[in-house]
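A quick write-up on the structure given underneath.
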Amino acid sequence: MLMKLIRGGKRTASINEQDWRFVQQGLNQCLASGFITEAERRRIMKYLETNERVEVAVRSLMTGSRSVNSFILSLLQAADDSQLRNDS
């Protein structure tokens, strides 16, 4: 089943429910351990909410990651790259 990421009542990109739980748990784990900051978590969430191909992005990053931290770091890099492209 696909679910929609929701922000402020606005529906955005679709993502598999199991993958979404993994992302949320990974973000919470990395935030709790101090691996990422709240600002970085927000950047990742914005990226996930605005990426039209979020399911493909999440799946490909999950496949290439060896740990939760590696996956979250990859998401952060993707978010930063996306922001740089949008700012150009």
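Residue numbering for the sequence shown follows numbering that gives the first Met the number 0, starting at 0 and increasing by one per position. Where a beta carbon is used, it is the ideal one built from N, C-alpha and C, also for glycine.
### Query
With distances taken from CA atoms, which of 56, 38, 22 and 36 is nearest residue 81?
56
#### Entry: Neighbour-count burial assignment, residue 25, 16 or more Cβ in a 10 Å radius
buried
#### Entry: Cα-Cα separation, residue 58 to residue 52
10 Å
### Task
Whole angstroms is fine: what's the gap from residue 39's alpha carbon to residue 30's?
9 Å
### Query
Considering residue 27, what are the terminal residues of the alpha helix (DSSP H) in which it resides?
16 to 32
### Task
Classify residue 87 as helix, strand or coil using the three-state DSSP reduction.
coil
### Task
Would you mind sorting residue 47 into buried or exposed? The rule is 16 or more other CB atoms within 10 Å of its CB.
Taking a 10 Å sphere around the C-beta of residue 47, we find 16 or more other C-beta atoms and assign the residue as buried.
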